[in-house]
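Let me begin by presenting the structure, written as structure tokens, before commenting on it.
In the working numbering, the protein residues as written are 1031 to 1475.
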């Protein structure tokens, strides 16, 4: 996929379809731009497509799930030069003017030079058929589909592309004074000026004062958190506009899994609601983001689900910090034997250290959350005979976490990671509670 946003020419977009064919998608844009010139261009687009196809087919494919390497790759740019087809030297314009495109001066005039991010695909691939096959459990379709959500900057469609397209839409609306969370009128103008002001001490102070002013109008504590999350996310996007997509996509596994589950279960139609629309909608509702700081990428999925659909959650893990000790408690369910014996495992703290903090009030909260495990485990076991698709959360220690998809296939439970290129589990691994440390499950009834 290759795209140039050359405004005076209405944009040029070449898309490689799933069958390998490269097509030009710019015809419609010409209708409203340079009129008769499009007639000349259409006669030569075949040669341009051939050049682009050759260009795409010769590029190296490399993948990396490391944030640092992905950031460097995201910053790479490339310049492409395209010409009109020289094999047909005379072009007839709607004005009646005849020109010789082999003339050196005219050839230089008709040269189009495009500079773009090398690894940014601006148009989403057409995946309707792919989604249909994936819903039916086609393994190859699942792998291809999930590969388009890989959390790395790649040659092909990936999570960085999807996030950047979402950011583009969010910022385009912001530039027109259109914001979420009910922000409009003079307040919208004030916010836009602050966002444009950049990451300076003076402007950051203005932003913090603006957030306080907006939050003061909200009486509901949860709504206040959502407003903060939304505003902080906006500022992060503006302050880090060149790299925000990579920072966001690298920690968006929960959001990606949320979208995949909704699409695979039919809770939304992914051919009508793209990932960028999904992200943008939830972001503008305050359901994605961090209310603590605008220096944090908006990656926390505050609410799972789409529309009025909210999945069931079997939370089988909880973490706390008590007197400087990181405590992570979890239990591993037995999806095959459905063992209901509660075996709590602790990490990050020894038995002796745990004993010393038992009088702490935060410890009481930990005990309360662990007390919810038996009911959550029962809900999970009750779902196993009727539910096909799940979100699962891997949680191996206090800090490590990752969300991906589990599917019931006959009497087996298989794990499907959208980072399947790098996953520590093999694609479609059979669930093993002694190996996989999965401690949270989400599903639709």
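Where is the CB? At the ideal position from N, CA and C, for every residue including glycine.
Note that the coordinates shown come from a computational prediction; the quantities given were computed from them, not determined experimentally.
Hey, residue i and residue j: beta-carbon distance below 8 Å or not?
i: residue 1403; j: residue 1361; result: yes
i: residue 1267; j: residue 1224; result: no
i: residue 1438; j: residue 1407; result: no
i: residue 1451; j: residue 1276; result: no
i: residue 1336; j: residue 1318; result: no
i: residue 1262; j: residue 1324; result: yes
i: residue 1235; j: residue 1227; result: no
i: residue 1146; j: residue 1102; result: no
i: residue 1312; j: residue 1200; result: no
i: residue 1005; j: residue 1358; result: The question about residue 1005 has no answer, for the chain in this structure spans 1031 to 1475.
i: residue 1348; j: residue 1391; result: no
i: residue 1157; j: residue 1111; result: no
i: residue 1448; j: residue 1179; result: yes
i: residue 1175; j: residue 1164; result: yes
i: residue 1173; j: residue 1457; result: yes
i: residue 1461; j: residue 1446; result: no
Using a Cβ-Cβ cut-off of 7 Å (strictly less than) and excluding sequence neighbours within five positions of residue i, which residues of its own chain qualify?
i: residue 1474; result: 1295, 1297, 1339 and 1341
i: residue 1426; result: 1467
i: residue 1393; result: 1352 and 1387
i: residue 1219; result: 1207
Report the partner residues of residue i according to the DSSP bridge assignment.
i: residue 1324; result: None, per the DSSP bridge assignment.
i: residue 1345; result: 1470
i: residue 1339; result: 1336
i: residue 1436; result: 1420 and 1445
i: residue 1359; result: 1348 and 1376
i: residue 1318; result: 1331
Residue i by DSSP, collapsed to three states: which one?
i: residue 1111; result: strand
i: residue 1144; result: strand
i: residue 1282; result: coil
i: residue 1331; result: strand
i: residue 1460; result: strand
i: residue 1085; result: At residue 1085 the pLDDT is 42, less than 50, meaning the model places this residue with poor confidence; the figure from the coordinates comes in the next sentence. Here residue 1085 sits in helix by DSSP.
i: residue 1428; result: coil
i: residue 1242; result: helix
i: residue 1183; result: coil
i: residue 1153; result: coil
i: residue 1413; result: helix
i: residue 1273; result: coil
i: residue 1394; result: helix
i: residue 1305; result: helix
i: residue 1230; result: coil
i: residue 1488; result: The question about residue 1488 has no answer, for the chain in this structure spans 1031 to 1475.
i: residue 1295; result: coil
i: residue 1193; result: helix
i: residue 1167; result: coil
If contacts are defined as beta-carbon pairs under 8 Å, then residue i and residue j qualify, I think. What distance do you get, rounded to the angstrom?
i: residue 1149; j: residue 1184; result: 7 Å
i: residue 1181; j: residue 1326; result: About 17 Å separates the two Cβ atoms, so there is no contact after all.
i: residue 1288; j: residue 1344; result: Rounded, the Cβ-Cβ distance is 16 Å, inconsistent with contact.
i: residue 1321; j: residue 1259; result: 5 Å
i: residue 1306; j: residue 1192; result: 6 Å
i: residue 1434; j: residue 1417; result: Contact doesn't hold; Cβ gap of about 16 Å is too wide.
i: residue 1269; j: residue 1229; result: 4 Å
i: residue 1355; j: residue 1385; result: Not really, about 11 Å apart at Cβ, beyond 8 Å.
For residue i, which residues from the same chain have a beta carbon less than 6 Å from its beta carbon, with the 5 sequence-adjacent residues on both sides left out?
i: residue 1420; result: 1436, 1471 and 1473
i: residue 1493; result: For the chain, the structure presents residues 1031 to 1475; residue 1493 sits outside this window and is missing.
i: residue 1368; result: 1411
i: residue 1303; result: none
i: residue 1155; result: 1187
i: residue 1292; result: 1298 and 1336
i: residue 1300; result: 1161 and 1293
Within the same chain, show all residues whose beta-carbon is closer than 8 Å to that of residue i, passing over the 5 residues directly before and after it, in chain order.
i: residue 1463; result: 1362, 1363, 1364 and 1365
i: residue 1233; result: 1224 and 1227
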